[in-house]
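Participant: Have a look at this one before I ask anything.
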Amino acid sequence: MIDKQKVVIITGASRGIGKAVAQKFLSEGFCVVGVSRSRPKCQLSHHIKADITKDEDRKNIIQHVISEFGRVDILINNAGIGIYDTWEDMDINQLREVFEVDFFAPVHLTKLALPYIKKAKGTIINISSAAGELSVPYESGYTAAKHAFHAFSETLRMELNHYGVNVITVTAGNIKTGFTLSAKGSKHPPLLPFAGKRKELAEEIYKAYIKKKDKVIYPGWYRIFMFYSKIFPKGYEKIIMRIWERSFEKREEKINSQKKEAIFNSSGSFLSIKKGSEPE
Ligand SMILES: NC(=O)c1ccc[n+]([C@@H]2O[C@H](COP(=O)([O-])OP(=O)(O)OC[C@H]3O[C@@H](n4cnc5c(N)ncnc54)[C@H](OP(=O)(O)O)[C@@H]3O)[C@@H](O)[C@H]2O)c1
Numbered sequence: 328m329i330d331k332q333k334v335v336i337i338t339g340a341s342r343g344i345g346k347a348v349a350q351k352f353l354s355e356g357f358c359v360v361g362v363s364r365s366r367p368k369c370q371l372s373h374h375i376k377a378d379i380t381k382d383e384d385r386k387n388i389i390q391h392v393i394s395e396f397g398r399v400d401i402l403i404n405n406a407g408i409g410i411y412d413t414w415e416d417m418d419i420n421q422l423r424e425v426f427e428v429d430f431f432a433p434v435h436l437t438k439l440a441l442p443y444i445k446k447a448k449g450t451i452i453n454i455s456s457a458a459g460e461l462s463v464p465y466e467s468g469y470t471a472a473k474h475a476f477h478a479f480s481e482t483l484r485m486e487l488n489h490y491g492v493n494v495i496t497v498t499a500g501n502i503k504t505g506f507t508l509s510a511k512g513s514k515h516p517p518l519l520p521f522a523g524k525r526k527e528l529a530e531e532i533y534k535a536y537i538k539k540k541d542k543v544i545y546p547g548w549y550r551i552f553m554f555y556s557k558i559f560p561k562g563y564e565k566i567i568m569r570i571w572e573r574s575f576e577k578r579e580e581k582i583n584s585q586k587k588e589a590i591f592n593s594s595g596s597f598l599s600i601k602k603g604s605e606p607e
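Residues in the sequence shown are numbered consecutively from 328, following this note's numbering.
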């Protein structure tokens, strides 16, 4: 029965991490209301088509859920976008868009949902990022937005604790989704080895919810990275710059070799080189 189920609102449920988390809560018997601009390719209890950067859409999400289900037990602020560029090349309007999605939209949605979450002694789950705790080159815009969101989440917990509301901050490292590819900008980061799996992250988030934990850090090895960055900040800066620069060099080499191949392919005589014989 819907009216006895706990109601979860999750933004960005159409794909990626949001989809995996929505599926986990659904499988545990929750009423899961997913929010996104596009139709999700997965089963949900209810979908609200909304752009969370629009004030009226945010108000509509909460009003709609209350009129339909009468309660909000859990708000999962998951929707997010990235931007990767040198600060010099950063487009300020794109940066504003990132802050709208990654910071202003979730903090306003939280404000709107708060009276109902307090009533339910519920939970707010904020999907932050390792970029919310670390400084990452060519990610100044995304890192700044996630640092702001991370700080909001950690402060909110202190304010809401005595109302019986728990706030979980999720520090997600590199997770296999389409996030990086769909990000704005031109200096996309390398895909680090040992990337996390969204289903495993969803399990960790659910466990943290059940055990009323404050934080989730996934994949766990990011703890070492974060610890190292605090103890040896200069060493961290050198290592991370080296990894990023090397990945850009490799990408450049790959593009150049693809260009050469394309030139060869456009000429019959050059094609023969590709086949391993000398050009005539
Ligand atoms: N993947 C990673 O490596 C990683 C690492 C750390 C943290 N994170 C964080 O995890 C969260 C989810 O990332 P992901 O990897 O799952 O990304 P994703 O696969 O690109 O999914 C992003 C989701 O956000 C929704 N969304 C984006 N803009 C929206 C808007 N204006 N209104 C409503 N929904 C919007 C998208 O739905 P529509 O396009 O249909 O609206 C989509 O469902 C983000 O906050 C991200 O910062 C990801």
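Using N, Cα and C, we set each Cβ at its ideal position, and we do this for glycine too. Just so you know, these numbers come straight off a predicted model, no measurement behind them.
#1: Around the C-beta of Leu461, are 16 or more other C-beta atoms found within 10 angstroms, so that it is buried, or is it exposed?
#2: What is the DSSP secondary structure of Ala535, reduced to helix, strand or coil?
#3: Let's test the definition: count the other Cβ atoms within 10 Å of the Cβ of Val334 and tell me whether it reaches 16, buried, or not, exposed.
#4: Excluding the 5 residues flanking Ala340 on each side, which residues of the same chain have their C-beta closer than 7 Å to its C-beta?
#5: Would you give the residue range spanned by the alpha helix (DSSP H) that Lys565 belongs to?
#6: How far does the alpha helix (DSSP H) with Ser354 in it extend, from its first residue to its last?
#7: To the nearest angstrom, how far is it from the Cα of Gly409 to the Cα of Gly523?
#8: DSSP on Asn501, reduced to helix/strand/coil?
#9: Hey, which unbroken runs of the beta strand (DSSP E) at 3 residues or more fall wholly within the segment 433-515?
#10: Grab me the residues of Lys602's own chain with a C-beta within less than 6 Å of its C-beta, minus the 5 sequence neighbours each way, in chain order.
#11: Can you tell me which residues form a DSSP beta bridge with Leu402?
#12: Determine whether the beta carbon atoms of Tyr533 and Phe352 lie at a separation below 8 Å.
#13: Classify Ile379: buried if its beta carbon has 16 or more other beta carbons within 10 angstroms, exposed otherwise.
#14: Which residue marks the beginning of the beta strand (DSSP E) containing Lys376, and which one marks its end?
#15: Can you tell me whether DSSP reads Ile419 as helix, strand or coil?
#16: Per the DSSP calculation, Lys542 is bridged to which residue(s)?
#17: Specify, as a first and last residue, the run of the beta strand (DSSP E) that Ser363 falls within.
#18: Bridge partners of Tyr555, per DSSP?
#19: Classify Lys381 as buried or exposed, calling it buried when 16 or more other Cβ atoms lie within 10 Å of its own Cβ.
#20: Helix or strand or just coil, what does DSSP make of Val410?
#21: For a test of your reading of the model: does the CB of Gly407 fall under 7 Å from any non-hydrogen atom of ligand 3? Yes or no.
#22: Residues in its own chain within less than 8 Å of Leu508 by CB, not counting five upstream and five downstream?
#23: Answer with yes or no whether the minimum CB distance from Pro520 to chain C is below 8 Å.
Facilitator: Let me spell this out:
#1: buried
#2: helix
#3: buried
#4: Lys346, Ala349, Gly361, Val362, Ser363, Pro367 and Leu371
#5: Pro560 to Asn592
#6: Gly343 to Ser354
#7: 18 Å
#8: coil
#9: 450-456 and 493-499
#10: At Lys602, the pLDDT of 39 sits below 50, so the modelled position is not reliable and the matter cannot be decided from this model.
#11: Ile336 and Ile451
#12: yes
#13: buried
#14: His373 to Lys376
#15: helix
#16: Thr496
#17: Cys358 to Ser363
#18: Tyr555 is not bridged to any residue.
#19: exposed
#20: With the sequence shown as reference, residue 410 is identified as Ile, and Val is not the correct amino acid for it. If DSSP states are grouped into helix, strand and coil, Ile410 belongs with the strands.
#21: As for ligand 3, it is missing from this structure, which binds only ligand 1.
#22: His515
#23: Chain labels in this structure do not include chain C; a single protein chain is all it has.
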